[in-house]
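J.: With numbering that gives the first Met the number 0 as the guide, the letters of the sequence shown map in order to residues 0 to 355.
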Amino acid sequence: MLREVCAAPCEPAPSLTDEELRHAAAARSSRGRPSAGAWGAFKLAVARWFDSGAGTAADDGAAERRVDWVRNVPFMAMHAACLGVVWVGWSPVAMMTAGALYLLRMLAITGFYHRYFSHRAFRTSRPVQFAFAVLGASAAQRGPLWWAAHHRHHHAHADRPGDPHSPRRDGFLWSHMGWFMSPAYFATNLRRVPDLARFPELWLLDRFDGVVPVLLGAALFGAGEWLASAAPALETDGMQMLVWGFLVSTVAVYHATYTINSLAHRFGRRRYATRDDSRNNFALALLTLGEGWHNNHHHYPGAARQGFRRWEIDVTWYFLCLLRALGLIWDLRTAPAHVLNSRRLAGPFDGSPGQS
Numbered sequence: 000m001l002r003e004v005c006a007a008p009c010e011p012a013p014s015l016t017d018e019e020l021r022h023a024a025a026a027r028s029s030r031g032r033p034s035a036g037a038w039g040a041f042k043l044a045v046a047r048w049f050d051s052g053a054g055t056a057a058d059d060g061a062a063e064r065r066v067d068w069v070r071n072v073p074f075m076a077m078h079a080a081c082l083g084v085v086w087v088g089w090s091p092v093a094m095m096t097a098g099a100l101y102l103l104r105m106l107a108i109t110g111f112y113h114r115y116f117s118h119r120a121f122r123t124s125r126p127v128q129f130a131f132a133v134l135g136a137s138a139a140q141r142g143p144l145w146w147a148a149h150h151r152h153h154h155a156h157a158d159r160p161g162d163p164h165s166p167r168r169d170g171f172l173w174s175h176m177g178w179f180m181s182p183a184y185f186a187t188n189l190r191r192v193p194d195l196a197r198f199p200e201l202w203l204l205d206r207f208d209g210v211v212p213v214l215l216g217a218a219l220f221g222a223g224e225w226l227a228s229a230a231p232a233l234e235t236d237g238m239q240m241l242v243w244g245f246l247v248s249t250v251a252v253y254h255a256t257y258t259i260n261s262l263a264h265r266f267g268r269r270r271y272a273t274r275d276d277s278r279n280n281f282a283l284a285l286l287t288l289g290e291g292w293h294n295n296h297h298h299y300p301g302a303a304r305q306g307f308r309r310w311e312i313d314v315t316w317y318f319l320c321l322l323r324a325l326g327l328i329w330d331l332r333t334a335p336a337h338v339l340n341s342r343r344l345a346g347p348f349d350g351s352p353g354q355s
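Right under this line is the structure:
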């Protein structure tokens with residue numbers, strides 16, 4: 000019944016009109032453009048800690064490609080706070096929590112932020128769509144509309160002018176994390192995601208994307224304090240759960256995800272002659288639960304399964320198959336046989352024939 004009632008709203012929608020997009024952009028930008036001068040820029044950067052839509056129009060793509068250090072204070076603080084492991088120690092409970100949250104949130108990023116929101120590789124109900132959007136947002140990689148909009152833009156310009164994060168064009172550090180620290184890529188271009196922008200719950204989650212990670216951190220701290228009182232034999236507490244369960248786990252998910260932009264376009268083997276420099280990388284596939292089969296993905300982006308061969312381990316695909324068996328998702332798209340068997344000459348960045 001849930002499938003019959005809720006499947007239809009998740010079908011791709013007609014493109015929004017320019018007027019609708021302008022209204023949505025105006026709503027996202029209730030604070031308007033920043034006032035002139037350094038003080039105005041500082042206030043805007045701080046405002047964006049709480050409201051990612053502050054001061055943005057539909058697209059800030061023309062902004063200067065530089066790092067806004069004030070805007071990124073929370074991101075940098077997350078990394079510095081991981082040093083807290085020296086003081087809080089560790090416990091099996093804290094370590095298992097960190098591992099579980101790494102897996103769950105990575106699956107939300109790979110299975111839903113990437114394969115569903117960005118590429119519409121399967122269908123689901125509106126409640127499940129939102130549930131996994133919330134889980135993905137807890138990884139603190141911005142909201143689902145922002146993530147999908149920039150990823151679709153990447154595929155349209157991969158390793159060519161306009162690509163936000165090409166390691167060949169911009170180097171390792173920029174492609175790994177510098178690009179999203181720049182005002183040029185703070186905004187969500189709603190024209191890239193008209194099928195998603197029509198859901199108000201996704202729009203709110205995207206605008207106030209910091210709420211879910213803060214709630215998760217607070218919940219882990221509270222759970223740790225409760226365990227310290229109710230089960231002292233577990234030898235954990237609130238700070239330990241916060242540092243390991245939230246901070247370390249989140250930063251690990253960060254950089255595992257980023258390697259696909261920075262490393263999977265540089266290191267690995269090319270099976271298909273795509274127009275970009277994407278590579279298949281076994282080690283990255285293990286780290287990211289299947290995303291490392293990146294040349295496969297760029298060859299056929301719409302597939303829910305990125306490990307095209309049996310030996311190409313794709314944990315995200317196995318997870319999606321489980322969700323399908325439970326009736327939570329359906330109509331998973333896979334690469335057709337003629338795509339799987341395509342063996343073309345090498346692309347512009349590889350002088351040797353494609354390899355299997």
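The beta-carbon is built from N, C-alpha and C at its ideal position, and this holds for glycine as well.
Tell me whether T287 sits in a helix, a strand or coil according to DSSP, three-state version.
T.: Within the sequence shown, residue 287 is the residue found at index 288, counting from 1. Note: T287 maps to coil in three-state DSSP.
J.: Could you give the DSSP three-state label for R104: helix, strand or coil?
T.: Reading the sequence shown from its first residue, position 105 is the one you call residue 104. In the structure shown, R104 sits in a helix (DSSP, three-state: H, G or I).
J.: For the stretch 290-309 against the stretch 331-338, do three or more pairs of beta-carbon atoms, one drawn from each stretch, fall closer than 8 Å, so that the two count as touching?
T.: A contact exists between the stretch 290-309 and the stretch 331-338.
J.: Can you tell me which of V210, F207, D236, P231 puts its alpha carbon nearest to the alpha carbon of L219?
T.: Counting from 1 along the sequence shown, the entry for residue 219 is found at position 220. Per the Cα distances, D236.
J.: Indicate whether A130 and P143 have their beta-carbon atoms separated by less than 8 Å.
T.: On the sequence shown, residue 130 is found 131 positions in, with the first residue counted as 1. On the sequence shown, residue 143 is found 144 positions in, with the first residue counted as 1. It is not a contact, given that the beta carbons lie outside the stated cut-off.
J.: What residues in its chain sit with their C-beta under 7 Å from that of S34, if we drop five residues either side in the sequence?
T.: In the sequence shown, the residue the question calls residue 34 occupies position 35. Residue confidence is low: S34 scores 48 on pLDDT, short of 50, so the model does not pin down where it sits. Its coordinate-derived value is still stated next. Same-chain partners within the cutoff: there are none.
J.: Pick out whichever of F171, F41, A46 has its Cα sitting closest to the Cα of A263.
T.: The residue you call residue 263 lines up with position 264 of the sequence shown. Residue F171 is the option with its Cα nearest to A263.
J.: Please report the straight-line C-alpha distance between L319 and I328, rounded to a whole angstrom.
T.: Locating residue 319 in the sequence shown gives position 320, counting from the first residue. Locating residue 328 in the sequence shown gives position 329, counting from the first residue. So the alpha carbons of these two residues sit roughly 8 Å apart.
J.: Using the C-alpha atoms, what's the distance from M240 back to V85?
T.: As a working mapping, residue 85 is identified with position 86 in the sequence shown. As a working mapping, residue 240 is identified with position 241 in the sequence shown. Answer to the nearest angstrom: the Cα atoms are 13 Å apart.
J.: When we look at the beta-carbon of P182 and count the other beta-carbons within 10 Å, is it buried (16 or more) or exposed?
T.: Position 183 of the sequence shown, counted from the first residue, corresponds to residue 182. So P182 ends up on the buried side.
J.: Classify A260: buried if its beta carbon has 16 or more other beta carbons within 10 angstroms, exposed otherwise.
T.: Reading the sequence shown from its first residue, position 261 is the one you call residue 260. Here the sequence assigns Asn to residue 260, which means Ala is not the residue at that position. Label assigned to N260: buried.
J.: Closer than 7 Å by C-beta to H149: which residues in its own chain qualify, once you throw out the five before and the five after it? Chain order, please.
T.: Indexing the sequence shown from 1 puts residue 149 at position 150. Within the same chain, H149 has close Cβ partners P163, Y184.
J.: In angstroms with no decimal places, state the Cα-to-Cα distance between E234 and L215.
T.: Within the sequence shown, the letter at position 235 stands for residue 234. Within the sequence shown, the letter at position 216 stands for residue 215. Their backbone Cα atoms lie some 21 Å apart in a straight line.
J.: Within 10 angstroms of the Cβ of D330, are there 16 or more other Cβ atoms? Answer buried if so, exposed if not.
T.: Locating residue 330 in the sequence shown gives position 331, counting from the first residue. With fewer than 16 other Cβ atoms within 10 Å, it is exposed.
J.: Rounded to the nearest angstrom, what separates W38 and R65 at their Cα positions?
T.: Here residue 38 refers to the residue found at position 39 when the sequence shown is read from its first residue. Here residue 65 refers to the residue found at position 66 when the sequence shown is read from its first residue. Taking the straight line joining both Cα atoms gives about 18 Å.
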